[in-house]
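Structure first, commentary second.
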Amino acid sequence: MIDKNLVREIIAKRVAKEFKDGDVVNLGIGLPTEVANYIDKDVEVILQSENGFIGLGPAPEEGKEDKDLVNAGGKYVTMMPGGACFDSAMSFAIIRGGHVDATVLGALQVDEEGNLANWMIPGKMVPGMGGAMDLVVGAKKVIVAMEHTAKGAPKILKRCTLPLTAAKEVNLIVTEMGVIEVTDKGLVLKEIAPNTTVEEVIAATEANLIISEDLKVMEL
Amino acid sequence: MNKIKTIDEVMEFIKDGQTIMFGGFLAVGTAENIVDAIVKKGVKDLTIICNDTAFVDKGVGKLVANKQVKKVIVSHIGTNPETGRQMNAGEIEVELVPQGTLAERIRAYGAGLGGVLTPTGLGTVVEEGKTIIEVDGKKYLLEKPLKADVAIIKGSKVDKKGNVWYSKTTRNFNPIMAMAADLVIVEAEEIVEVGEIEPENVVTPHILVDYIVKGGER
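If you're matching them up, the sequences are chains A and B in order.
Mapping of the first sequence onto our numbering: residues 1 to 220, in sequence order.
Mapping of the second sequence onto our numbering: residues 1001 to 1218, in sequence order.
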């Protein structure tokens, strides 16, 4: 069992490699936010924050917080030079209108068809979908960044059992065990983490996995 | 025409059973002083339209905690455990709306549209009971407009005519809500002279604002 922090670091580092110079990206709350820490210095990624701006920067130094500048989680943040503010209708027109290249979100469950469940557990946790449903439908590429299992139970399933966030919108799943692409034929294991075997990935996944003929080791 | 009023004066417009829109995202950009005055006034059975129910002690969450709300139409309640508790106890009705859909439903009313067609929510519980319309082979949900009796918005700078400028992320739902209610009250962090906000920097034009209340920094 590897350390929890290392697991998150592996996932965030690998997701960060998905972006190219000039991409507009929305990072979800939690683990996806950490992706920003690992983006290559030569790659300029413009982060969109659905509460109403582009040019999301790192957390401010203590004492330099601006009460008017928060991210979608309500945390104090900074704005990069050239940032721009807008209202919520514009923010979601940007998202839904296909002007965001990629969104990175966590998941409770994801399945063989690219269905995603990440907004509620009936009877237990009903926080609301916030902006997730629009992001998953609107972003050109939907990347799920999550731990491969939850307390040992698979999260990558044949079919999601929880209420969906969106149907058939996920493109890529990145976990600490590997990188899985959602294709018309099913889920394709494209990369595998160092020191992990294909058998271990299959054992931790309920969905059928097609093993890529060109299976690579995850570069971190 | 003098639009500037005291908070006590605008409270006469706030009544039991009203539908009220509040700008703000996790209470950033919410008119906190007006919320406090509504808590003090104690009106009941409100329907609140807001991005979220903020926190128990911040933003519209205070109205929920004070049991003044019978229904909320929001995208998120996760930061206010009291909303969830009241929902599970059957004390409050919660209509969860995807954030972008919420924005467009409000914008639609303010823009005189009969609704919007959005792909968001297709294949999820959000589509239950809604009309699906196919346009050029693509499916969309018909989402209907949202209006309110009163919109309570927060401006960082408001001139004496009612032109509003919003600082950074305080803008969020405020400008669209200013178009979707019968009565619009803006809480100004700072009231400035007419002309101090350059016309091209006005985000909400004064014709949309009925009353201005001085709020100060919060």
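C-beta atoms are modelled at their ideal positions from N, C-alpha and C, and glycine is treated no differently.
{"Check": "Going by DSSP, what residues sit across from A/S49 in a beta bridge?", "Outcome": "A/F53"}
{"Check": "Under 8 Å, with one C-beta from each stretch per pair, do the segment 1178–1189 of chain B and the segment 1141–1158 of chain B reach the 3-pair mark?", "Outcome": "yes"}
{"Check": "Could you tell me which whole beta strand (DSSP E) segments of length 3 or greater appear in the segment 1029–1063 of chain B?", "Outcome": "1046–1049"}
{"Check": "Residues in the segment 147–172 of chain A with C-beta within 8 Å of chain B's C-beta atoms, listed in sequence order?", "Outcome": "P163, L164, T165, A166, A167, K168"}
{"Check": "Applying the criterion that 16 or more other CB atoms from any shown protein chain within 10 Å of the CB defines a buried residue, is A/K75 buried or exposed?", "Outcome": "exposed"}
{"Check": "Looking only at C-alpha atoms, which of B/E1091, B/N1080, B/T1124 sits nearest to B/V1097?", "Outcome": "B/T1124"}
{"Check": "Under the DSSP definition of a beta bridge, which residues are partnered with A/Q109?", "Outcome": "A/A117"}
{"Check": "A/L69 and B/T1030 look like a contact to me (Cβ under 8 Å); what is the Cβ gap, rounded to whole Å?", "Outcome": "15 Å between Cβ atoms; not a contact."}
{"Check": "Name the DSSP bridge partner or partners of A/L187?", "Outcome": "A/V182, A/L209"}
{"Check": "For the putative contact between B/M1177 and B/I1073, defined by C-beta atoms under 8 Å, what is the C-beta separation to the nearest angstrom?", "Outcome": "Between B/I1073 and B/M1177 the Cβ distance is about 12 Å, and since that is not below 8 Å, they are no contact."}
{"Check": "Please go through the same chain and pick out, in chain order, the residues whose beta-carbon is closer than 7 Å to the beta-carbon of A/G57, but skip the five residues on each side of it.", "Outcome": "V77, T78, M79, M80"}
{"Check": "For A/I282, which residues in the same chain have their Cβ closer than 6 Å to its Cβ, ignoring the five residues on either side in sequence?", "Outcome": "One cannot answer for residue 282 of chain A here, as it falls past the ends of chain A, which runs 1 to 220."}
{"Check": "Can A/L116 and A/A102 be called in contact, C-beta distance under 8 Å?", "Outcome": "no"}
{"Check": "One question on the structure: do A/E34 and A/A12 come within less than 8 Å of each other, judged by their Cβ atoms?", "Outcome": "yes"}
{"Check": "In this structure, how does DSSP classify A/G130 when only helix, strand and coil are distinguished?", "Outcome": "coil"}
{"Check": "Counting only beta-carbon atoms, is A/P127 nearer than 8 Å to chain B?", "Outcome": "yes"}
{"Check": "Rounded C-beta distance between B/K1070 and B/D1036? I'm assuming under 8 Å.", "Outcome": "Wrong, their Cβ atoms sit about 20 Å apart, outside the cutoff."}
{"Check": "For A/M129, I'd like the list of residues in its chain whose CB is within less than 7 Å of its CB, leaving aside the five on either flank, ordered along the chain.", "Outcome": "W119, T165"}
{"Check": "For A/I95 and chain B, any beta-carbon pair shorter than 8 Å?", "Outcome": "yes"}
{"Check": "B/G1078 touches chain A at which residues, Cβ-Cβ below 9 Å?", "Outcome": "M125, V126, P127, G128, G130"}
{"Check": "Quick check on DSSP: helix, strand or coil for A/F92?", "Outcome": "helix"}
{"Check": "Closer than 8 Å between beta carbons: that is the criterion. Which residues of the segment 1182–1194 of chain B meet it against chain A?", "Outcome": "none"}
{"Check": "Determine the DSSP secondary structure at B/G1100, reduced to helix, strand or coil.", "Outcome": "helix"}
{"Check": "DSSP three-state call for A/L256: helix, strand or coil?", "Outcome": "Lying outside 1 to 220, the shown extent of chain A, residue 256 of chain A is not represented and no answer is given."}
{"Check": "Between B/F1173 and chain A, is the shortest Cβ-Cβ distance under 8 Å, so that the two count as touching?", "Outcome": "yes"}
{"Check": "Pick helix, strand or coil for B/H1076, following the three-state DSSP scheme.", "Outcome": "strand"}
{"Check": "Taking the straight line between their C-alpha atoms, what separation do you get for A/G152 and A/V182?", "Outcome": "22 Å"}
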